[in-house]
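Some notes on the structure that comes next.
Chains as they are written, first to last, in my numbering: chain A, 24 to 137; chain B, 1246 to 1356.
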């Protein structure tokens, strides 16, 4: 069974640009969560989608947005990039509800903002 | 805001030694998970504990959930180099789809 796939794995952007990250969940998983991981703040929850609906959102500015498609694939977008957005962005899928089931993480997309 | 503090933040010990990592919060969680993350990879679930006072064993790893469901510990017996990694606890609550992750413990086992 294929795992969670995130693309791209690495990318470099400059301040003010925007970026779109993609996540393909494990087949059959309908919930996709996004997390930002930095050395200083650890893993911070961004948002969670289920059946194309955002069910929960973390405390990030509106520059961070996401969506989920009918095939459960998800994208997140960050507009007007800032230096502080440099981080590892992790996507996780789950079969049931994330708060009771197992989260399966992808390898992440490492974003560097210059 | 729920916070999970892990201690120690960094731990470096010799192969064969025992160690304990702690995960503490002032908030109650309905369940708590432990993950291990290796460089260049995403976190991988080790265990989920649900009941206050619950103890789960996974080979040389023993996980305990506090009676009040506010804290947890991970004990590793006879640590091996393969145990090296970032250990993360994560708390969950019913009706809330997000996990609150702990600050992490970076463990290095020296051969």
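Where a beta carbon is used, it is the ideal one built from N, C-alpha and C, also for glycine. It should be emphasised that the depicted structure is a prediction, and the values quoted were computed from it without experimental measurement.
Residue 1276 of chain B and residue 1293 of chain B do touch by the CB rule: their CB atoms are close to 6 Å apart, below 8 Å. Listed as beta-bridge partners of residue 70 of chain A by DSSP are A/57 and A/80.
Closest in alpha carbon position to residue 1322 of chain B, among B/1278, B/1260, B/1335 and B/1356, is B/1260.
DSSP places residue 1327 of chain B within a helical segment (H, G or I) once states are collapsed to three.
By alpha-carbon distance to residue 1316 of chain B, the top candidate from B/1255, B/1256 and B/1271 is B/1271. In the structure shown, residue 1312 of chain B falls within a coil segment according to DSSP collapsed to helix, strand and coil.
Comparing alpha-carbon positions, the option among A/81, A/72, A/36 and A/79 lying closest to residue 118 of chain A turns out to be A/72. In this structure, B/1352 is the residue among B/1352, B/1268, B/1338 and B/1286 with its C-alpha nearest to the C-alpha of residue 1327 of chain B. If you look at residue 1301 of chain B, you'll find it in the beta strand (DSSP E) that goes 1300 to 1303.
The bridge partners DSSP lists for residue 1345 of chain B are B/1336. Look at residue 44 of chain A here: in three-state DSSP terms it is strand. Put simply, the CB of residue 39 of chain A is far from chain B, with every gap to its CB atoms at 8 Å or more. Counting along the chain, the unbroken beta strand (DSSP E) around residue 1269 of chain B starts and ends at 1264 to 1269. Beta-bridge analysis with DSSP links residue 1320 of chain B to B/1265 and B/1307.
Contact between the stretch 74 to 90 of chain A and the stretch 1276 to 1285 of chain B is absent: fewer than three C-beta pairs spanning the two stretches fall below 8 Å. Bridge partners of residue 89 of chain A according to DSSP: A/99. Taking residue 96 of chain A as the centre and dropping the five residues before and after it, the same chain places the C-beta of 47 closer than 6 Å to its C-beta, in chain order.
Contact with chain B is absent for residue 105 of chain A, since none of that chain's Cβ atoms lies less than 8 Å from the residue's Cβ. For the pair residue 1299 of chain B and residue 136 of chain A, the Cα-to-Cα distance works out to about 44 Å. The Cβ atoms of residue 60 of chain A and residue 106 of chain A lie no closer than 8 Å to each other. Looking only at B/1310, B/1324, B/1339 and B/1354, the smallest Cα-Cα distance to residue 1269 of chain B is reached by B/1310. One finds 125, 126, 127 and 128 in chain A with Cβ atoms closer than 9 Å to the Cβ of residue 1290 of chain B, taken in chain order. Only 66, 68, 71, 78, 79 and 81 from the stretch 66 to 91 of chain A bring a Cβ to less than 7 Å from some Cβ of chain B. Close partners of residue 1315 of chain B in chain A (Cβ separation under 9 Å) are lacking, with about 17 Å as the shortest Cβ gap.
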